[in-house]
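Report on one structure; see the data block that follows.
Residue numbers (our numbering): 4 to 328.
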């Protein structure tokens with residue numbers, strides 16, 4: 004008579020224990036295929052179960068070069084292979100362009116922030132920019148948004164430009180802008196209202212260009228039809244005018260501070276500012292735990308260049324994939 008050996012508690016065979024080990028459905032299927040002797044299926048499932056090897060990121064230096072290049076392409080030469088540094092194409096009521104001819108189309112606040120952080124950049128100006136000059140310039144650009152807001156409110160309340168100039172020197176003086184600039188800002192409030200009205204009239208029977216051409220020449224404040232068309236099509240582009248006023252405020256400083264800032268921004272083919280700025284942002288991403296993927300890093304760094312543009316990081320990533328497959 005054949006005896007059946009019963010397992011005592013705590014003495015289960017290794018094979019029995021192994022069969023109880025899987026806890027996920029995938030692991031159960033793999034174990035069943037192993038026990039059934041299906042070698043080919045087991046091998047295939049094992050390959051699927053193996054964790055993917057982590058892909059090593061390019062060096063910080065290489066990432067900086069690539070991201071800077073892609074930002075430059077997106078900003079100045081979309082669809083191309085290399086940046087084409089130039090100032091913003093839109094006319095502004097301030098009479099100056101909103102950005103400088105750098106690969107990232109640097110605005111004055113952006114340039115001043117980079118110059119404040121990096122002594123090496125200040126040394127590129129002739130003569131070198133001092134920290135005191137940068138701090139004074141920053142105070143000017145920081146004063147522009149409150150001035151514009153105050154003028155919007157005053158205009159809505161029926162206050163005239165002359166009365167505002169008489170009563171609101173405390174908000175005007177920090178910018179370094181003059182009375183005529185303030186009067187232009189008041190006129191610009193009216194023009195912006197016209198632009199918003201024209202935007203609401205767009206449809207199948209009226210194009211943005213047609214709407215722009217309807218604005219009388221004397222009411223355009225020096226803006227060309229092309230720029231008016233852009234503002235009517237996309238009203239948020241009006242922010243270019245704020246950046247232009249900020250640039251003008253610094254241009255009016257003694258010591259040619261604005262011109263010297265522009266010299267730095269446009270040096271090295273318009274890449275001088277992007278190098279240290281992008282590198283600092285890359286280093287911050289690489290210091291994270293867990294380390295981000297290449298896509299996440301590129302998108303995060305790029306989005307910081309233009310945080311107000313939805314999808315900016317994704318657009319730069321698409322450029323990155325095209326240029327660095």
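Positions of the beta carbon are idealized from the N, C-alpha and C atoms, including for glycine.
Counting only residues of its own chain and dropping the five nearest sequence neighbours on each side, residue 87 has a CB closer than 6 Å to the CB of 79, 80.
CA-to-CA, the gap between residue 73 and residue 254 works out to about 29 Å. Contact check for residue 93 and residue 243: beta-carbon distance about 5 Å, within the 8 Å limit, so the pair qualifies. Rounded to whole angstroms, the separation of the alpha carbons of residue 308 and residue 314 is 12 Å. DSSP places residue 209 in the strand class (E or B) of the three-state scheme. With fewer than 16 other Cβ atoms from the protein chains shown falling within 10 Å of its own Cβ, residue 294 counts as exposed.
Residue nearest to residue 302 within the set 58, 59, 77 is 77 (criterion: CA-CA distance). A distance of 7 Å or more separates the beta carbons of residue 99 and residue 245. The secondary-structure analysis by DSSP pairs residue 102 across a beta bridge with 110.
Residues 63 of the same chain have their beta carbon placed closer than 7 Å to that of residue 286, with the five preceding and five following residues left out of the count.
A distance below 6 Å between beta-carbons, with the five flanking residues on each side excluded, links residue 198 to the following residues of its chain, in chain order: 234, 235. The Cβ atoms of residue 106 and residue 273 lie closer than 7 Å to each other.
One Cα belongs to residue 224, the other to residue 247, and the distance between them is close to 14 Å. The beta carbon of residue 142 is closer than 7 Å to those of 177 in its chain, skipping five residues each way along the sequence. In this structure, residue 114 lies near residue 264, with their beta-carbon atoms less than 7 Å apart. Proximity to residue 267 across 195, 122, 318 peaks at 122, based on C-alpha coordinates. Around the beta-carbon of residue 71, 16 or more other beta-carbon atoms lie within 10 Å, marking it buried. Judged by DSSP secondary structure, residue 138 falls within the alpha helix (DSSP H) whose first and last residues are 134 to 159.
In this structure the stretch 126 to 137 does not lie against the stretch 278 to 285, because fewer than three pairs of beta carbons, one per stretch, are closer than 8 Å.
In the same chain as residue 227, and ignoring 5 residues on each side of it, the C-beta atoms closer than 8 Å to its own belong to 94, in chain order.
At a Cβ-Cβ threshold of 7 Å, residue 212 and residue 232 count as neighbours.
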